[in-house]
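*Asks:*
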Amino acid sequence: MSKNYPEFVIPQVAHRRYDPLMGDWIIVSPHRISRPWSGHVEVPHNNQLVDGCLPKNSPINPLSPGGIRASGVITPDYTSTYMFPNDFAALVNKTSQLFAIFVR
């Protein structure tokens, strides 16, 4: 590439791109594909489901009280409605200054 134009590298963070055909800005989130996935998990053979749900503090459910989230944070021992922070948000507040040039 020319020294006047830096080589464009597709960022691995959420960003917006302009679609000249539709005249709209679109959101692209390439980093979401790197989220962890444990795959299908079978119900234990002892079938200890309570009302169709896994028991409290189940090690295979990161959202249960005491479960370990993908970010490594331990879920608090909540007893009522609890709002979880999104470990893998599609949009983030921070953008690099270099990439801001490409998304104007």
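Residue numbering for the sequence shown follows the working numbering, beginning at 75 and increasing consecutively. Beta carbons are placed, not taken as given, at the ideal position from N, Cα and C, and that holds for glycine.
In chain order, what residues of the same chain have a beta carbon less than 8 Å from the beta carbon of D93, not counting five sequence neighbours either side?
*Replies:* W99 and I100
*Asks:* M157 to P136, Cα distance in whole Å?
*Replies:* Here the C-alpha atom of M157 lies approximately 14 Å from the C-alpha atom of P136.
*Asks:* What separation, rounded to the nearest whole angstrom, lies between the Cα atoms of I175 and Q86?
*Replies:* Note that I175 scores a pLDDT of 48, beneath 50, so its modelled location is shaky; the value from the coordinates is reported in the next line. Going from the Cα of I175 to the Cα of Q86 covers about 16 Å.
*Asks:* Taking the C-alpha atoms as reference points, what is the distance between D151 and S132?
*Replies:* Each residue's alpha carbon lies about 12 Å from the other.
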